[in-house]
Amino acid sequence: MRRAIYPGSFDPVTNGHLDIIERGCKLFDEIIIAILVNPEKQALFTIEERCEILREVIDEIDGRSCHLIVESFEGLLVKYAVERDADAIVRGIRAISDYEYELQMALMNRRQEPRIETVFMMSAEAYSYVSSRLVKEVLQLGGTIEGLVPASVEARMRKKYGGYWRPS
Ligand code: PNS
Numbered sequence: 000m001r002r003a004i005y006p007g008s009f010d011p012v013t014n015g016h017l018d019i020i021e022r023g024c025k026l027f028d029e030i031i032i033a034i035l036v037n038p039e040k041q042a043l044f045t046i047e048e049r050c051e052i053l054r055e056v057i058d059e060i061d062g063r064s065c066h067l068i069v070e071s072f073e074g075l076l077v078k079y080a081v082e083r084d085a086d087a088i089v090r091g092i093r094a095i096s097d098y099e100y101e102l103q104m105a106l107m108n109r110r111q112e113p114r115i116e117t118v119f120m121m122s123a124e125a126y127s128y129v130s131s132r133l134v135k136e137v138l139q140l141g142g143t144i145e146g147l148v149p150a151s152v153e154a155r156m157r158k159k160y161g162g163y164w165r166p167s
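Be aware that the sequence shown starts at 0, since it is given in numbering that gives the first Met the number 0, and climbs by one per residue.
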């Protein structure tokens with residue numbers, strides 16, 4: 000039984016995250032999607048909302064062969080990974096610019112807890128420029144984010160921003 004943690008802010012989950020989850024499903028029997036509780040970072044969605052959204056959208060992943068769990072965590076990631084008896088931490092790499100920061104984190108995590116491996120997964124090219132930060136910015140400024148986040152996520156974002164939303 001191979002268990003991985005896929006940690007992140009997921010504010011909100013994007014199709015890039017879902018692509019990584021689908022890819023991770025090919026390698027692991029169970030993936031715990033772990034949302035960091037970070038009171039210092041101002042978020043669009045609360046932790047409870049992000050958990051709810053993630054649970055909703057992972058239900059829509061077709062034919063997945065692994066067990067997916069959504070939960071939140073606080074504090075040191077590797078400590079939480081050990082508590083949850085995980086073998087690995089999964090992180091998505093979109094472009095070389097992600098690599099430096101991700102490598103730093105992976106090496107620091109390995110130093111804290113050598114038993115936990117970090118697995119970098121490459122997202123599909125179509126999502127190589129997609130980030131939660133950019134989709135929030137673009138939508139807020141009136142741009143289109145269709146195809147970059149699930150439709151239900153876009154609807155929730157529009158509601159948060161108080162914008163007009165009409166299902167197509
Ligand atoms: O989606 P994000 O914001 O890029 O995710 C970053 C995350 C949650 C993976 C990272 O901030 C994290 O692991 N935070 C937990 C605290 C911790 O362990 N810090 C040391 C990292 S080396």
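No residue lacks a Cβ here, since even glycine has one placed at the ideal position from N, Cα and C.
Alpha-carbon to alpha-carbon, residue j and residue i
i: residue 59; j: residue 127; result: 22 Å
i: residue 106; j: residue 77; result: 11 Å
i: residue 69; j: residue 31; result: 6 Å
i: residue 145; j: residue 158; result: 16 Å
i: residue 153; j: residue 18; result: 17 Å
i: residue 47; j: residue 54; result: 11 Å
i: residue 82; j: residue 4; result: 11 Å
i: residue 140; j: residue 29; result: 38 Å
i: residue 27; j: residue 161; result: 39 Å
i: residue 80; j: residue 97; result: 22 Å
i: residue 147; j: residue 131; result: 10 Å
i: residue 156; j: residue 14; result: 14 Å
i: residue 22; j: residue 39; result: 31 Å
i: residue 164; j: residue 138; result: With a pLDDT of only 48 at residue 164, under the threshold of 50, the placement of this residue in the model should not be trusted; the figure read from the coordinates follows. Approximately 12 Å, taken between the alpha carbons.
i: residue 149; j: residue 133; result: 15 Å
i: residue 142; j: residue 73; result: 33 Å
i: residue 112; j: residue 11; result: 29 Å
i: residue 41; j: residue 104; result: 22 Å
Buried/exposed call for residue i, threshold 16 Cβ in 10 Å
i: residue 85; result: buried
i: residue 100; result: exposed
i: residue 167; result: Legend: pLDDT at residue 167 = 44, less than 50; position of this residue unreliable, value from coordinates given subsequently. Exposed, since its Cβ has fewer than 16 Cβ neighbours within 10 Å.
i: residue 16; result: buried
i: residue 151; result: exposed
i: residue 93; result: buried
i: residue 125; result: exposed
i: residue 75; result: exposed
i: residue 37; result: exposed
i: residue 252; result: The chain is shown only over 0 to 167; residue 252 falls outside these bounds and no answer can be derived.
i: residue 110; result: exposed
i: residue 1; result: exposed
i: residue 20; result: buried
For residue j and residue i, believed in contact at Cβ under 8 Å, the rounded distance
i: residue 64; j: residue 35; result: Between residue 35 and residue 64 the Cβ distance is about 27 Å, and since that is not below 8 Å, they are no contact.
i: residue 57; j: residue 44; result: Residue 57 to residue 44, Cβ: 16 Å. No contact.
Inter-stretch contact at 8 Å, needing at least 3 Cβ pairs: the segment 76-90 / the segment 100-120: Yes, the segment 76-90 is in contact with the segment 100-120.
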